[in-house]
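As C-alpha cells, the structure follows; a few thoughts come after it.
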Amino acid sequence: MVNIWIPIGVAIAIATWSFLIKESPVFRWAERTFISAAIGHTVVVGVYTLRDRYYPITAQGQYLLIIPAILGYLYLFVLWRRGRWIASYPIAITMGVGLATQVRGTIDADFLGQTLGLIREGGRIVGTPWQTAFTSALTVVVTLFSLSYFIFTVKPTGAFGRVYGGMYKLGQYCLLAALGAMAGNYILGTGLAVTVATIQRIIFSLQGLG
Amino acid sequence: MSVFLRGRIADFLIFVVLFVSTWLATRLARMGKGREIRPIPALDAIYEGIGRAAEMGRPAFMTPGAGDVGRAPVVAGLAILDVMATQCAKLDVPLLTVFGQGALGAAEMIVAEAYRREGKPELYSPGKQVLFFSGDQYARTAGEAGLFQREKPALNVFVGDFYSEMLYIGEAGARVGAMQIGGTIQQLGIPLMAITMDYLMIGEEMFAVAASITRDPVQTGSIMAQDVGKMILLSISIIGVIAMLLGSKIMIDLLST
Amino acid sequence: MSKVLYSVILPYAVFIVCFVPILSNYYFDVPMLRSIDAELRNWSTLIGLTAMFLGLANITIYYYRETKRRKHMEWQFGVYSIILTYAWIIYGLSQGGLTSSAYNQIYVFVKGHSEAAQIGLLTFFFVTAAFRTFRAKNIQALVLLTFAFITFIGVAPWGEQVWSGWPAFSEWILVGITMAGSRAILIAASVGLVAMVVRIVLRYEKGGLIRG
Amino acid sequence: MKKEEGASVTIWSKALSVRPEWFWLIALILIIVPMAVPPRVPFKVNDSTLRIYEYVKKIPDGSVIVSGGLGQWAFIYETSAAFMAFLTQIKNKNVKLIIFPLSTDSLMFEPWAVSVTGFDKVKEYGKDWVVLNYVPGGADIILPAFMTNIKGLCRTDLYGTPLEQIPIFKNVNSYKDITLWVDCGANSIPSLARYVAPYKVPIIGFVHSAYYGMFQPYIAAGQVYEMTNGIRGGGEYEKLVGYTSWNLGTITMDSYQLYSIYILALVIIANVGTQMLKREEKT
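Listed below in C-alpha cells is the structure:
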C-alpha cells in the first residue's frame, strides 16, 4: 500500500529548503502548513488534556477547579478594548506561580549548585595528578574572571578600579573563548545529522523504502 | 530548626540577602545615592535601532521566544517590549512581535497601553502588532523567517529563551540586513547568538538591560543590588576554594545546610 | 480610582498571594503550604493550557486580515491557513487525538518532516554565519574564532589525522574553559534573575504588568 | 601598479560580498557528494561505543529488550544511527524486542527504523518483536506503571490486538522479565534513570552529543550502563556492526569531513579578505 503522506512529507522538505534560494510561495506553503499543523496539534492535545484535568470537577466534586477554568478563559478579554484589564488576573497567577518556582529553582541549582561545584573544583587542585590539578586551577580562575565581567557598577579609576578593569577584560576574553568553543562543538550535533537524514529520507522515499 | 526543610537553610538565607540588598539598593537610588553602571552597548543600540528603522521606513521586530509570563527571561523581554512599543508609537515605526501562547495576553496589554499612552490608540489592534506562530520551537522560527523576508524589519531584538533555533532566526534576520540585538540565559542559545548578533547580552546583562532600559536613574541605580549579590558570591567562592586548599570542607557543609 | 483598584492593585495582590506560598513551601516544612503549592501549580498549568484559545483567536485574526489583502499570493495563504488549522483540529478531535494511529501518522509526516527540514537548514546557515562572524577584526573576534576552530576540528575525522591529540585537546577545552564560562554565566544570571523578581515583588520594576 | 591594486580591491570586496545563496549551494553539493560516493573516512572508535557493542554481543539467548524513548521526530534522527546499528546487531540473535514509545514521535519512528534495517523481514511480528501503543500521561506516570504491570498499562499493541493474544507476552509481565532497556530518543535519560534504573534493569542510551556530557553523572552513579555520543557514536557503532542500510552516522561523518574543510576555507578567505581590504583602505 502506498502511503500518501510520504510524498507529502518529501514535498514539504523540498519546499522548506527552497528558502535557501528565495522566499517564495513554495516556502510559504511549507511554512504555513507547518504552523497550522503545530497549532492544530497543540489544540487537539490541549483539549484532551483539559478534559482529563477538569474531569475531577464532576467526578470527584472538586469544585475549586472551576476557578482556573474561568480564569483561563479571561485571557480572551485581551481582544476587547474596554475589558482588557480583566486579563490581568490570569497573567498575575501565571507570573506569581512561575516566577516563584523559578526563583527557588535557580537559587538551588544555579546559585548554590554551581558555587558548590566551583568550590569542589578548587578542592581538586591539591592532592591530584598535575594534569587534573592544572585543569581544576584553570577552571576556577576562568570562572572567577568571567564572573567579574558581570559586575556593572565599578568605575575603572583608582587602584582597585584598574585591577577590576584588567579582570573585566580578561573575563570578557574567557567568556568569548567559552562561547566560541561551544559554537564550534555544537553544529555537528544536531544540524548536519538532521540535514543528511532529511536528504537520505528523500532518497529513500523515492526508492520506495518508506 | 524543624520549621526548615532539610538542606534548605542556605537557600533561604541567600534569598533573604538578595531581597534585602535589592530593597536597600533601590532605597539608596531613590535618595540619589545610586551608582552609575558601566555602559552596555546593547541598551543604546535598541534606541538607535528604532531611530534607524524610522529613517528607513521599515518595521522593528521583537520576540522573547515561546515561554509564558512565568519565565523570568520573558518578563525581561516584556520590560524591553514596553520601551520599544512606546518608542515605535512615538516615531511611527510599525512594530512586529511574536509571542508564545502564555505571554500573548501580557504582550497585547503592554503594546495597547503603550500606544494609548502615546495618544495613538487607533494604530493598535489585536493580532496586528502581536503575532502568534504556535508554541512549537521550529514552527515559530519558520514563521519568523518568512515574516522577515516579507516585512524586512530594520531592527530585530531577541530577549528571552532561545535554543538551537537562534542560528536560524539570526541568519534569516541578517539576510534582510536587520540590526540584531540578542540576549538569553540559555546555554544552547548564547554561543549561537554570539555568532549571529550585532549586539549581545550575555546572561545577566539581559536582566541589567531590562532593569535600566527606561534610562531612569532610580531603576539603573538598583542594579547595584545585583553587584552586591555577586560580591557576596565571589567572596563565598574564594573563601571556599581557599578553605578547600587548606583541607577544610567548611564552606561545602555550610552551603549544604 | 476603582479602575486602578481592579486593574492594578488587585492583580498585584493575586500575584503576591501566588508568589509567597510557593516560594515558602520550598523552605518551610508546613503541610498546608504543600497542598496550596500543588493546587496553585495545577491552576497555573490549566490556565496556561487554556491560553491556547487566545493563541488560536490571535492567529485567526492575523490570517483573516491577510485574506483581505488583495495582493498577489497573499489572501490565498490566509484562506489556506485558516482552513488547514481548523480542519486539523476537527480531524484530530474526531479521531480521538494521540491514541489514534491514523492521526499520529499525519502528525509525524506533516509536522515531523517539516521540523526535520527546518532543522536541516541550520547546517547551511552555519556556513554564512561562520563566513560573516569569524573575521579577526579585533582581539575579541580573534579569541572567539580560535576557540570555535579548535572544537570544530576536534570532531572532524581529519583533525585526528593532522594531530592525534586534537580530539582530546578539544575535549579538554570543553571540559575546562567552556564549563567554567557557562558556570559563570549561570551563577551571574541566577543573581540577576532573583534581583529582577524581587524588584517586581517590591513593585520597583517599571516595565511589564505588575507596575509600580 | 595602481590599476592592479584597484583590481585586487574589487576582487576581495567582491569575494566578501558574494550572495549567501552561492555558499549554501556549494555546501549542499559538498554534503550530497559523499552520499553518492562514500569515502568511508577512518576514525577511532570510542571506548563507550565499544563497551555497548561488547555488552550487546554477550546478551544471552531469549532475552527481552525494551526499546523506549521520548523525543521529537526531527531530534531522534541524530540518535537513530546508533539505534539502527543496534537493531542490525541483534537481528541475528535470538532475542525479543518490545517497542514501548514514550512519545507519539517515537511511536512512529521506531517501527520505521525496524522496517528500514530489515529487522521485520528476519523476525516475526508478535513472536519476536512488538510495538505497543502510545499511552498518554507523560513518562512520570506511565514508566512506573509499565515496570510493575505491563499488561495493565498497555491493553493493546499499535494495531489494536489485545496483549493476551500476542505470543511474546506469554512470559513477559513486569520488570523481572526485562533484560535490557534501550533508549533511542532525544532527552529520555533523566526519566529512565529515575524510574527504570531502580529496578536494576540495565539501560543503554543513544543520546545527542549536546547531552552526552550533561548525562555523564548518570553513568558515574551506575544508573545508566553506557551511552553513545550523538551522531559520531552512531558512526562508530555502524563501523562495529559492519554498516546498516540507513548508515546515517557514517555518511554524516563523511559529509562532515568535506563540510569542515569548506568552512575552514571560507574562514580563511574571509580573514585574508578583511585584512587585504583594511590594507587597501590605509593606502
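Residue numbers (this note's numbering), protein chains in the order written: chain A, 84 to 293; chain B, 5 to 261; chain C, 968 to 1179; chain D, 755 to 1037. Glycine included, each C-beta is placed from N, C-alpha and C at the ideal position. Just so it is clear, the structure is predicted and the values come from calculations on it, not from any experiment.
Closer than 8 Å to chain C by CB, residue i
i	result
M1030 of chain D	no
S101 of chain A	no
F117 of chain A	yes
L250 of chain B	no
A781 of chain D	yes
P151 of chain A	yes
Sequence-distant residues of its chain with Cβ nearer than 7 Å to residue i (five each side left out)
i	result
P125 of chain B	Y119
V109 of chain A	A98, S101
L157 of chain A	I169, A170, Y172, P173
I830 of chain D	D859, S860, F863, C938, G939, A940
Proximity winner among the options, relative to residue i (alpha-carbon distances)
i	options	result
G988 of chain D	D:V978, D:R909, D:K798, D:T1004	D:T1004
A93 of chain B	B:L28, B:G109, B:A58	B:A58
G69 of chain B	B:S129, B:R42, B:F19, B:L85	B:L85
K1104 of chain C	D:N1025, D:I852, D:E1035	D:N1025
F923 of chain D	D:E992, D:M968, D:I853, D:A964	D:I853
G53 of chain B	B:R42, B:R75, B:T200, B:L95	B:L95
V128 of chain A	C:S1137, C:I1056, C:T1113, C:A1162	C:I1056
I1049 of chain C	A:F117, A:L133, A:V246	A:F117
I282 of chain A	C:D996, C:F1093, C:H1080	C:H1080
G825 of chain D	D:W776, D:K811, D:A893, D:V950	D:A893
Residue-chain proximity (residue i, chain D), Cβ-Cβ < 8 Å
i	result
G1079 of chain C	yes
Q283 of chain A	yes
I976 of chain C	no
Proximity test, Cβ basis, 8 Å: residue i and chain A
i	result
A828 of chain D	yes
L1018 of chain D	no
Y1171 of chain C	no
W776 of chain D	no
M66 of chain B	no
R1032 of chain C	no
W1010 of chain C	yes
Residue i in three-state terms, based on DSSP
i	result
E980 of chain D	strand
L782 of chain D	helix
C938 of chain D	strand
A64 of chain B	strand
T236 of chain A	coil
S1014 of chain D	helix
T261 of chain B	coil
G106 of chain B	helix
S821 of chain D	strand
G1015 of chain C	helix
T188 of chain B	strand
W1055 of chain C	helix
Residues that residue i contacts on chain A, provided the C-beta gap is smaller than 7 Å
i	result
Y831 of chain D	A276, V277, A280
F1091 of chain C	L103
Y1029 of chain C	Going along chain A, no residue has its Cβ under 7 Å from Y1029 of chain C, so there is no contact; the nearest lies around 10 Å.
Residues that residue i contacts on chain A, provided the C-beta gap is smaller than 8 Å
i	result
Y1013 of chain D	L275
L196 of chain B	A266, Y269
Close Cβ partners of residue i (< 8 Å) along its chain, the five nearest in sequence each way excluded
i	result
V115 of chain B	L85, A89, L99, T101, Y128, Q133, V134
V795 of chain D	M1007, D1008, Q1011
N903 of chain D	N927, S928
A152 of chain A	Y137, I140
L258 of chain A	S229, Y232
Same chain only: Cβ atoms within 6 Å of residue i, ignoring 5 sequence neighbours per side
i	result
N983 of chain D	S963, Y966
L782 of chain D	none
P855 of chain D	L861, Y888
K156 of chain B	R62, V180
Contact list for residue i against chain D, beta-carbon separation under 8 Å
i	result
A1124 of chain C	Inspection of the sequence shows that residue 1124 of chain C is occupied by Pro rather than by Ala. V795, P796, F797, M1007, Y1010, Q1011, listed in chain order.
Neighbour list for residue i in chain D, Cβ cutoff strictly below 9 Å
i	result
T1066 of chain C	N887, Y888, V889, P890
Partners in chain C for residue i, counting only beta-carbon separations shorter than 8 Å
i	result
G205 of chain A	In chain order: nothing, as chain C lies at least about 12 Å away.
Under 7 Å from the C-beta of residue i: neighbouring residues of chain D
i	result
Y1074 of chain C	T858
Proximal chain C residues relative to residue i, where beta-carbon distance stays under 9 Å
i	result
F194 of chain A	L1153, I1154, S1157, V1158, V1161
Residue i Cβ short of 7 Å to the ligand NAD heavy atom set
i	result
A974 of chain D	Within the structure as shown, the ligand NAD is missing, as the structure has no ligands at all.
C-beta neighbour in chain B for residue i, strict 8 Å
i	result
V130 of chain A	no
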